[in-house]
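If you use the working numbering, the sequence shown corresponds to residues 398 to 505, in order. Worksheet: the structure to be examined is printed underneath.
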Amino acid sequence: MAIINCPQCAKPISDKHKQCPHCECQVKELNEEQLQSMQREQRIRKQQRYMNQSFLALILFLGGFFCLYFMHPEAKSLQWYGYTGAMAVGFIWYLVSRIVLIVLKKKK
């Protein structure tokens, strides 16, 4: 008995199961073409999720930058720390999500 990933929901299941207990996908009835199609759709959904995260991170970074640039908060004040923190978190989040996207594209 081996543990495999469900082609539809990617959760671990036994290779003896006829259908996935999580999403009820009929695993035994799928041919190779259907399996590849499901895996491709799953990879695309994952890429879209990370793309959305990178856009949110970019918005956070730009929001912090524009607030810092246009509002001119006093140095070392609570607002200044908030805007700089938003910029730092947004920038790091953006970089990490883009690196994950690059890795996902190379796995094809």
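Cβ atoms here follow ideal geometry from the backbone N, Cα and C, with glycine treated the same way.
Going by DSSP, S451 is part of the alpha helix (DSSP H) stretching over E429 to M468. Residues G461 and L465 of the same chain have their beta carbon placed closer than 8 Å to that of T481, with the five preceding and five following residues left out of the count.
By the 16-neighbour rule on beta-carbons within 10 angstroms, Y491 is buried. Minimum Cα-Cα distance from K503 among the listed residues I441, F488 and L455 corresponds to I441. Under the Cβ criterion (8 Å, minimum of three pairs), the region 463-477 does not count as touching the region 437-455. Rounded to the nearest angstrom, the Cβ distance from V424 to Q416 is 6 Å, consistent with a contact under 8 Å. Excluding five sequence positions before and after N402, the CB atoms of its chain that fall closer than 8 Å to its own CB belong to K408, P409 and I410, given in chain order.
In the structure shown, Q476 adopts helical secondary structure according to DSSP, grouped into three states.
Following the DSSP letters along the chain, one finds P409 inside the beta strand (DSSP E) bounded by residues P409 to S411.
Looking from the CA of C420, the closest CA among R495, I499, Q476 and C406 belongs to C406.
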